[in-house]
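Input: a single structure, listed below in structure tokens.
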Amino acid sequence: MNYFSQESLGLQRFSHVIILLLYLSIQIRIYQLSEENVMENFDALMISKDEEGQKVKWRRMAIDDLMEGDVTVRVTHSTINYKDALAITGKAPIIRRYPMIPGIDLAGVVATSTHPEFKQGDMVLATGWGLGESHFGGYSSYARLKGDWLLPVPAGFTTADTMALGTAGFTAMSALLALETHGVTPQRGPVLVTGSAGGVGSVAVSILAKNGFKVIAATGRMGERAYLQGLGASELIDRAELTGPVSPLGSERWAGAIDTAGGNVLANVLSHIQYSGTVAACGLAAGMELPTSVAPFILRGVTLAGISSVMAPKAHRLEAWSRLQRDMDLTKLKSMTTTRPLKDVLALAPEILAGKVRGRVVLEVP
Ligand SMILES: NC(=O)c1ccc[n+]([C@@H]2O[C@H](COP(=O)([O-])OP(=O)(O)OC[C@H]3O[C@@H](n4cnc5c(N)ncnc54)[C@H](OP(=O)(O)O)[C@@H]3O)[C@@H](O)[C@H]2O)c1
48 MNYFSQESLG LQRFSHVIIL LLYLSIQIRI YQLSEENVME NFDALMISKD
98 EEGQKVKWRR MAIDDLMEGD VTVRVTHSTI NYKDALAITG KAPIIRRYPM
148 IPGIDLAGVV ATSTHPEFKQ GDMVLATGWG LGESHFGGYS SYARLKGDWL
198 LPVPAGFTTA DTMALGTAGF TAMSALLALE THGVTPQRGP VLVTGSAGGV
248 GSVAVSILAK NGFKVIAATG RMGERAYLQG LGASELIDRA ELTGPVSPLG
298 SERWAGAIDT AGGNVLANVL SHIQYSGTVA ACGLAAGMEL PTSVAPFILR
348 GVTLAGISSV MAPKAHRLEA WSRLQRDMDL TKLKSMTTTR PLKDVLALAP
398 EILAGKVRGR VVLEVP
């Protein structure tokens with residue numbers, strides 16, 4: 048009798064332990080599921096299109112809603128470029144696939160990777176490659192994309208610094224490299240930058256000055272004199288000087304130029320470039336058309352070098368970012384950068400198109 052009661056007591060204790068263990072494992076799983084839920088559910092800006100037009104909304108997403116890719120990045124920072132503003136406002140047909148998460152640039156930390164060059168925890172950045180146009184972009188806490196599109200964050204830069212530069216900084220450096228390729232040196236004469244108070248313009252002024260060029264900053268905001276001189280501009284000219292009627296050839300004023308404006312501005316710039324000088328053209332803030340003649344090309348040997356950042360090959364990107372690492376003064380970068388939360392991007396888009404945003408904006412992604 049005694050023997051049986053001891054045995055049943057033992058069994059009872061054993062079953063209590065089992066129940067306790069089961070209870071604990073259920074609690075742990077519930078905790079794990081809630082953690083995964085936090086990890087995998089996040090906010091993204093989504094642009095969709097129907098018969099009524101384009102709709103821009105914040106949407107709750109899961110990792111599985113993202114597009115194909117061999118690397119998933121926890122995005123910590125993005126930025127707003129002129130092109131992002133065109134996409135968000137629908138002012139130009141930037142988006143080539145709907146629905147789309149905009150944001151042509153992103154930087155963050157690798158969350159998962161099957162790409163041989165990247166592992167969990169690596170700090171990375173991506174610009175262009177169709178991000179925010181045909182592949183989900185940077186206005187999202189997570190991005191899944193091709194590892195081939197990623198670059199490691201250069202030493203000395205934070206992820207925020209890389210977005211302070213972003214496509215704008217990469218484009219400005221690509222333009223400087225093009226001027227150098229075509230033999231424009233500080234000894235040849237001054238270099239003009241148009242749209243100089245904007246994103247590409249501000250970086251262009253800084254890196255040209257760092258390389259010893261005398262920089263002439265053309266701007267519609269003459270009140271930004273102290274800002275532009277702080278970045279390294281030697282002189283300012285009013286944008287209005289370049290918006291009037293175009294004469295085929297004008298006086299030879301500049302050895303080279305980085306033009307972000309296009310339109311009449313670019314046509315006027317071309318007619319004032321010195322013999323065998325070069326203009327690196329990257330933008331269209333003043334318009335798509337180019338009302339020029341062949342005179343600067345056939346009478347002065349001027350080169351018009353086109354700059355396109357989106358599909359630039361990796362070798363060129365690595366060269367440009369390594370030059371940015373060398374030439375971009377971080378104090379100047381700070382002076383041209385404003386930091387805002389991602390949710391402010393909707394208010395910033397019309398402001399950037401109206402030419403009211405100075406320098407660069409870093410967006411903090413929650
Ligand atoms: N080719 C590429 O791969 C590439 C890459 C990046 C950018 N972009 C293009 O480069 C341009 C600049 O981009 P961003 O990101 O630097 O834009 P941003 O920050 O908005 O700068 C544009 C600047 O252009 C000037 N501007 C505005 N309206 C103008 C007008 N009507 N006429 C002449 N100038 C005007 C303004 O500077 P001021 O007030 O100083 O005059 C403005 O700040 C855009 O057209 C963009 O699409 C091209």
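For the sequence shown, the numbering used here begins at 48 and goes up steadily by one. Note that beta-carbon positions come from the ideal geometry of N, C-alpha and C, so glycine has one too.
Please state whether the Cβ-Cβ distance between residue i and residue j is less than 8 Å.
i, j, result
"Leu380", "Ala219", "no"
"Arg370", "Thr384", "no"
"Ala12", "His182", "Lying outside 48 to 413, the shown extent of the chain, residue 12 is not represented and no answer is given."
"Pro146", "Met170", "no"
"Arg387", "Tyr274", "no"
"Leu377", "Asp152", "no"
"Thr266", "Ser243", "yes"
"Gly309", "Leu226", "no"
"Ile141", "Lys130", "yes"
"Ala362", "Gly175", "no"
Can you tell me where the beta strand (DSSP E) with residue i in it begins and where it stops?
i, result
"Val408", "407–411"
"Pro343", "From DSSP, Pro343 is part of no beta strand (DSSP E) but of the alpha helix (DSSP H) over 342–347."
"Thr266", "262–266"
"Ala173", "170–174"
"Asp285", "280–285"
"Ala414", "No information on residue 414 is available, as it lies outside the stretch 48 to 413 that the chain covers here."
"Thr386", "384–388"
Can you give the beta carbon distance from residue i to residue j, rounded, assuming they're within the 8 Å contact cut?
i, j, result
"Leu317", "Pro338", "Not quite, the Cβ-Cβ distance comes to about 10 Å (not below 8 Å), so this is no contact."
"Gly150", "Ser188", "In fact, because the Cβ distance is near 11 Å, the residues do not count as touching under 8 Å."
"Leu389", "Val103", "About 13 Å separates the two Cβ atoms, so there is no contact after all."
"Gly155", "Arg121", "5 Å"
"Val118", "Phe89", "Incorrect: roughly 17 Å between the Cβ atoms, too far for contact."
"Ser355", "Thr214", "At roughly 11 Å, the Cβ-Cβ gap does not stay under 8 Å, so Ser355 and Thr214 are not in contact."
Looking only at DSSP bridge pairs, what is residue i linked to?
i, result
"Val120", "Val157, Ala190"
"Val445", "Nothing in the structure corresponds to residue 445, since the chain is present only between 48 and 413."
"Trp301", "Ile320"
"Pro199", "Val171"
"Asp152", "Thr174"
"Ser125", "Leu410"
Would you mind reading off the limits of the alpha helix (DSSP H) that contains residue i?
i, result
"Pro397", "392–400"
"Arg370", "361–374"
"Ala215", "206–228"
"Leu239", "Element bounds for Leu239: not the alpha helix (DSSP H) but the beta strand (DSSP E), 238–240."
"Thr339", "Run containing Thr339: none; DSSP gives neither H nor E here."
"Ile254", "246–257"
Report yes or no: do the region 395–402 and the region 134–148 share at least 3 C-beta pairs separated by less than 8 Å? Contact between the region 395–402 and the region 134–148 is present: 3 or more CB-CB pairs across the two stretches fall below 8 Å.
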